[in-house]
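A quick write-up on the structure given underneath.
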Amino acid sequence: MHPFLINLIACPICHSKLKLFHTKETLELVCKSDKLSYPIREGIPVLLTTTARPLNQ
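Sequential numbering of the sequence shown, starting at 12, is according to this note's numbering.
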């Protein structure tokens, strides 16, 4: 995912800015306000509330 796009994307629930988080296995966009993580699949952010994962998992 291009870093420029991160500044354009907001949380679909609260409209806060999202932060990029990555490990060896995953790439995600995180909303600190809602404590949710949205997956990035094949370079495409999936910003559906049904795909969001609570950060405590």
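Glycine is no exception: its CB is placed at the ideal position from the N, C-alpha and C atoms.
Taking 8 Å as the cut-off, the beta carbon of Leu47 is found closer than this to the beta carbon of Pro65.
Judged by DSSP secondary structure, Pro14 falls within the alpha helix (DSSP H) whose first and last residues are 14-17. Spatial neighbours of Ala21 in its own chain (CB-CB distance under 7 Å, excluding positions within 5 residues in sequence) are listed in chain order as Ser27, Lys28, Leu29. About 10 Å separates the Cβ atoms of Pro23 and Leu40, ruling out a contact at the 8 Å cut-off. Where Lys30 is concerned, the enclosing beta strand (DSSP E) starts and stops at 30-33.
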